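Using this note's numbering, read the sequence shown as starting at 4 and increasing by one per residue.
Beta carbons are placed, not taken as given, at the ideal position from N, Cα and C, and that holds for glycine.
Here the structure is a predicted model, which is why all the values come from computation and not from measurement.
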Amino acid sequence: MLIGHQRRANRIGSRAPGLYVGNVSSRVERVEDRTLLSGSDNFAGRTNLGSVISTTDTGTNVGFSGEPGEITQSGTINSAWWSWTAPSNGTLVVDTNGSSFDTFLTLATGSAVNALNPVAQDDDGGDGLQSLITASVTSGVEYQIAVDGFNTDTGSITLNLAFVSFGTEDFGDAPTAAQSGFASSYPTLLADNGAQHTPLAGFTIGSEIDTEADGQPSAAANLDDTGGTPNDEDGVNFIGTPTLGSPGSVAVFVTNTAGVTNPHLDVWIDFDRDGDWDEVNEHIFTGAAVAGTNTVNFTVPGTASPGLTFARFRLYDGTTPLAVTGLVANGEVEDHSLSIVTAGTWQSQGPSPTINAQLDVPPDDQVGGAIQAIAPHPTDSDILYIGAVNGGIWKTTNATAANPNWTPLTDGLPSLSIGAISFDPTDGTNQTLLAGTGRWSNFGLRGDDEVGLYYSTNGGSTWTHFNNSILQNETFSAVAARGTTMLAASADNSLFRSTTGGGSWTDISGTNGLASGPVYDLVGDPGNSNRLYAAVGGSAGGIFRTDDAGATWTSVNSGITGVGSSTNYMRLAIHNNAGNNVVYAAIVNSGVLNGVFRSANQGSLWTAMDVPAIHPGAQGRPNTSLAADPTDPNIVFIGGDRPSTNVMRGDASLASGSQFATVTAGNANNSTPHADTRHMIFDADGNLLESDDGGIYRLTTPNVPATRIWGSVNGNLQVMEVHDVSYDPLTNIIMTGTQDNGTHIQLSSGSLVWERINGGDGGDVAIDSVTLAGSGHSYRYLSSQNLGGFRRLEYDSANNFIASVSIDTSTITDAQFVTPIELNAIDPSRMLFGGVSNLYESTNITAASPTITNIGGAGANRNAMVYGGTSASVPNADLVYVGVGNQVYKRTTSGGAITATSALPSGASTIVDVAIDSSEWMTVFAIDSNQIFMSVNAGSNWTDITGNLTSVSSTDFRTIEFVPGATEDSIVVGTRSGVFQAHVSNPSSWVMVGLGLPDVLVFDLEYDPTDDLLVAATLGRGVWTFPNASAVLGGAPPTAEDFGDAPSLAQSGFANSYPVTLADDGARHAATGPTLGTERDSEADGVPSANADADDITGGTDDEDGVTFATTLIASSLGVATGSVSVNLQNPDALSNQLDAWIDFNRDGIWSPSEQIFTNFSLGTT
4 MLIGHQRRAN RIGSRAPGLY VGNVSSRVER VEDRTLLSGS DNFAGRTNLG
54 SVISTTDTGT NVGFSGEPGE ITQSGTINSA WWSWTAPSNG TLVVDTNGSS
104 FDTFLTLATG SAVNALNPVA QDDDGGDGLQ SLITASVTSG VEYQIAVDGF
154 NTDTGSITLN LAFVSFGTED FGDAPTAAQS GFASSYPTLL ADNGAQHTPL
204 AGFTIGSEID TEADGQPSAA ANLDDTGGTP NDEDGVNFIG TPTLGSPGSV
254 AVFVTNTAGV TNPHLDVWID FDRDGDWDEV NEHIFTGAAV AGTNTVNFTV
304 PGTASPGLTF ARFRLYDGTT PLAVTGLVAN GEVEDHSLSI VTAGTWQSQG
354 PSPTINAQLD VPPDDQVGGA IQAIAPHPTD SDILYIGAVN GGIWKTTNAT
404 AANPNWTPLT DGLPSLSIGA ISFDPTDGTN QTLLAGTGRW SNFGLRGDDE
454 VGLYYSTNGG STWTHFNNSI LQNETFSAVA ARGTTMLAAS ADNSLFRSTT
504 GGGSWTDISG TNGLASGPVY DLVGDPGNSN RLYAAVGGSA GGIFRTDDAG
554 ATWTSVNSGI TGVGSSTNYM RLAIHNNAGN NVVYAAIVNS GVLNGVFRSA
604 NQGSLWTAMD VPAIHPGAQG RPNTSLAADP TDPNIVFIGG DRPSTNVMRG
654 DASLASGSQF ATVTAGNANN STPHADTRHM IFDADGNLLE SDDGGIYRLT
704 TPNVPATRIW GSVNGNLQVM EVHDVSYDPL TNIIMTGTQD NGTHIQLSSG
754 SLVWERINGG DGGDVAIDSV TLAGSGHSYR YLSSQNLGGF RRLEYDSANN
804 FIASVSIDTS TITDAQFVTP IELNAIDPSR MLFGGVSNLY ESTNITAASP
854 TITNIGGAGA NRNAMVYGGT SASVPNADLV YVGVGNQVYK RTTSGGAITA
904 TSALPSGAST IVDVAIDSSE WMTVFAIDSN QIFMSVNAGS NWTDITGNLT
954 SVSSTDFRTI EFVPGATEDS IVVGTRSGVF QAHVSNPSSW VMVGLGLPDV
1004 LVFDLEYDPT DDLLVAATLG RGVWTFPNAS AVLGGAPPTA EDFGDAPSLA
1054 QSGFANSYPV TLADDGARHA ATGPTLGTER DSEADGVPSA NADADDITGG
1104 TDDEDGVTFA TTLIASSLGV ATGSVSVNLQ NPDALSNQLD AWIDFNRDGI
1154 WSPSEQIFTN FSLGTT
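Next up, the structure:
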């Protein structure tokens, strides 16, 4: 097939793809209406436009000619001249849109026609064949404007001019190369012709816009928010997390109260993370927009670079695509950051729940994990909300069922550490809730960030995050919403109040009658929504009451004793009566209950009750709960930190010394909830709900001894705090050590229901699937706190328990609360133990009576131990790496000394974990809470490879693991925000791993090479697995595809390299379907070559046999030349075969849109 194409020759310049700037006279600072003038043929007689802000002038160049020494333009000179003087520093836009011929535009400075200095020239940058220039100009400088024709073209001229002073435009804020670490700086600044818009009221992305004197590059592309007023970047929301090779969506909200006729939206994403949006596939959308939400769908290329990257959104009034740079006369630009993650999805493994746990409640003695707060629906006992210590907010609508079904509501919010939640009693629909974040874990107060408050007006379906700076890093203990008035109590510092629906907050402690000090509790009067009571600690503390929703406060402390400097917790409860309510208070000093008080007159006078011994463990903060009976004003329930006294019932009508009795064990039909109570409250049916470190429980008929009994409400809650994990590849079973809930195993592979196999606080765990592999059996090692009851359990291939061996650990004299243990990677009959001050080793841990020996050293931090490794294919079972303080120690020979490696880089703190390359132990990694270090020579030198991790994740790094890959080895780190990965070849570039994992603290990771499975233990959301980890993280071997072979800039000598390789998102085709010519071969990547022939000489066949140029292309002095190319179609598709073709006419290494000679050209079907 012979195809002809006509082409202009010797064109100067090229159009900026999609750039459009129209007449801006309707929205400028000052507009001058001018009599239409003609540009002058003679430079000396040029038309003077003065210093107008905006104008449109008309003229002609018909019959015009050039002058000696005139600036070079295009072809024969037929130029018409204007001049204009800049009124201030700013941006000038000049175009010839509306002219009758193919124009060429010049902007210059100077005063003599033969000595002008060009500022900019353009051929086709405007509409069609019209010209456009955007340039920064300097105050007081006279600029010369020449309009000529392409080659010999002449005709009528329309000259449009618009000027905008600096500081009156909206700019982007995408980062510089120094801020992003990318190869280039995004075009943000004026100096880079950054995107800029002159605001038009009522036409914006989102609802807000501000203006600046210049672009504001920032590492997170958020300076346009944080640096300006108001919140400019409020119109873009990525839906889900963009994933390699997968579809994605972004919602863009457009405001158009201005009534703009043609709202047009352009969107770019920098998929290859190189600091520009230049690649064709990075312009993901261009088209009409509507007022309201516009959903832009796109696909993340499989070759995209995972990690933090940036997107640009531009809105304007027009019908053609915008360029990513330059000025337009209306609309807005917003730059946003986003993270592209690796493919793959995390799978929940439970426990939800664990059965046979450390309590006595039907059904099955269930635990789900620690719960800090409960919010029962005021009228429907089936609707219930809980705030888990580190697991977020959950809701059930069948709470009275034997096994309620719960739904997580906040997995995607920035913190899952919940300290309080309550309904707004002024909302008659019972859809409004307020919740506060805070760290309340009994595992050393570890947890997620304390990020403020969450607010919902639709029953928890969506949440507004109140993240005001005054609310940050506060441990919220109680919250109260009363319409637009809200109160939030911090157990660290103060009471905060908002009267603007959460928009702004004030610290009201120490004002209006309220004492300064931590506020441990806040309860509302059920009969008066404006009356609340606050429990304040400190030397001036006590109980305070407000009758006007927190505007003013009164001290109501008469009869209260014991509140002072040692007070570290207080609890309040109020009787559900619309009249003169009875109020109860509990005071905890130094972790032990110090007093219980009752007031029958709204706090005016308090009477002391008996003080039950509910805190033998001295864990009164946080393990104290208090609830007033809703029917009997004399009855109060109080809870503590041990099962024997976990919940007690007080009766103020009884004589002193006999007021409290337990409502557990024999006093509750032999039922007892988990220890360490946290919250108690009554549901709509009058049953007592109680939460603790095991979950949530219900005491039915709490005042009737004959029938009252505790039952589990845990259902499928998955909020367990798991700090250690191990995986058995023989049975595909996971084993965990948990906070205050012992050691658990799955009932079967993939089961969400687990069972407890050891009590107390769970210790570290390890599984040996090698020693007994011949019989299909495995060994599982476990203990409780301080290495108590250390045992070796044997299980068969069906997960049946076979035998247990208790192991003597008496030689370990400095066990830690959670003592780290490590099976040897080379010889699993060996095990390493980390004490406070020493290391211990067993070389016969699988024996009937194992021995454990002190091998010295200086102890071990947390799980920071490696035991056994391979180097250059030589195994070394004697290898030890261990983190001690802020250093890494090692041993490489049997009996050798454990010595410090070289000092880590400056700033290193306590090392919390170490890992090695599984095939080369000389490569070792170490982490502290916010840095990652790498050595390739066994610690002789260390490098900080933290890179961008602290910008894509919270800190509090906890665990690191090595995952070998098909093409790339990876390191993965568990942080307070999930799991993140870097390739060992580029270890400072981090990206989130997969989808589906909640935003939760990941405390332990284990990679199993047998099943290619990555297992994550989270401190609050149980256990999760990531299948096919090696293939997904490391990248599958490249698929053989057909690539091009055009040259690189070094090979061609042109300004740019053609897009040929995968790294440049080069063109590639699956090796199926129609071909050009009879042959086709495929490659793993494009191979650029000087003569574009590598696809022939490197393949097994003569691939490039389908195209022949039938003529030689000649640049004609007439401006037009024709050429033909012959295309040989083979293996045609029966329906359609289409050709796209480009020729790089200006030899710059780029095939621009204007150089596409055929688009969807039909080749027929033969």
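- Here DSSP, grouped into helix, strand and coil, assigns Ile424 to strand.
- Between the stretch 238 to 256 and the stretch 297 to 308, the count of Cβ pairs shorter than 8 Å is three or higher; the stretches touch.
- Counting other Cβ atoms within 10 Å of its Cβ, Arg979 reaches 16 or more and is therefore classed as buried.
- Where Gln1141 is concerned, the enclosing beta strand (DSSP E) starts and stops at Gln1141 to Trp1145.
- Restricted to the stretch 922 to 986, the beta strand (DSSP E) segments that are unbroken, complete and at least 3 residues in length are 923 to 930, 935 to 938, 962 to 966, 973 to 978 and 981 to 986, listed in chain order.
- In the three-state DSSP reduction, Leu750 falls in the coil class, being neither helix nor strand.
- Burial is judged here by how many other beta carbons sit within 10 angstroms of a residue's own beta carbon; Leu1022 has at least 16 and is buried.
- Excluding sequence positions up to five before and after Met573, its CB lies within less than 6 Å of the CB of Tyr523, Asp524, Ala538 and Ile590, all in the same chain and listed in chain order.
- Annotation for Val614: no alpha helix (DSSP H) segment contains it, and DSSP assigns it neither H nor E.
- Within the model, the alpha-carbon separation for Gly762 versus Asn359 is close to 10 Å.
- For Ile473, the three-state secondary structure derived from DSSP is helix.
- Put simply, the stretch 709 to 717 does not touch the stretch 422 to 434. Fewer than three CB pairs are less than 8 Å apart.
- One alpha carbon belongs to Thr665, the other to Gly541, and they sit about 31 Å apart.
- Under DSSP, His682 forms a beta bridge with Ser694.
- Annotated three-state conformation of Gly1047 is coil, per DSSP.
- Excluding sequence positions up to five before and after Ser43, its CB lies within less than 7 Å of the CB of Arg49, Thr50, Ala83 and Trp84, all in the same chain and listed in chain order.
- Distances from the CA of Gly415 to each of Tyr458, Ala554, Gly999 and Phe1046 were compared; the closest alpha carbon is that of Gly999.
- The Cβ-Cβ distance between Val1018 and Thr1028 falls below 8 Å.
- Secondary structure of Ser874 (DSSP, three-state): strand.
- Contact holds between the stretch 171 to 189 and the stretch 275 to 284, because three or more Cβ pairs, one in each stretch, are under 8 Å apart.
- Using a Cβ distance threshold of 8 Å, Thr214 and Pro202 count as a contacting pair.
- Secondary structure note for Ala181: its alpha helix (DSSP H) is the uninterrupted segment Ala180 to Ser183.
- Look at the beta carbons and you see the stretch 1002 to 1015 touching the stretch 944 to 961: at least three pairs across the two are nearer than 8 Å.
- Following the DSSP letters along the chain, one finds Val1005 inside the beta strand (DSSP E) bounded by residues Val1005 to Asp1011.
- The continuous beta strand (DSSP E) containing Ser729 extends over residues Val725 to Asp731.
- In the DSSP assignment, Ser340 falls within the unbroken beta strand (DSSP E) covering Glu335 to Ile343.
- Where Ser532 is concerned, the enclosing beta strand (DSSP E) starts and stops at Asn531 to Val539.
- Where Gln622 is concerned, there is no enclosing beta strand (DSSP E), because DSSP gives it neither an H nor an E.
- Pairing Tyr870 with Ala828 gives a Cβ-Cβ distance under 8 Å.
- Relative to Asp931, the option among Gly553, Gly910, Thr357 and Met925 whose CA is nearest is Gly910.
- In the DSSP annotation of this structure, the continuous segment of the beta strand (DSSP E) that includes Val891 starts and ends at Gln890 to Arg894.
- In this structure, Asn471 is the residue among Ser1129, Gly321 and Asn471 with its C-alpha nearest to the C-alpha of Thr503.
- Here the C-alpha atom of Thr79 lies approximately 12 Å from the C-alpha atom of Thr106.
- Looking at the DSSP output, Pro411 bridges to Trp397.
- Straight-line measurement puts the Cα of Leu1008 at about 45 Å from the Cα of Val599.
- C-alpha of Val167 to C-alpha of Gly93: approximately 6 Å in a straight line.
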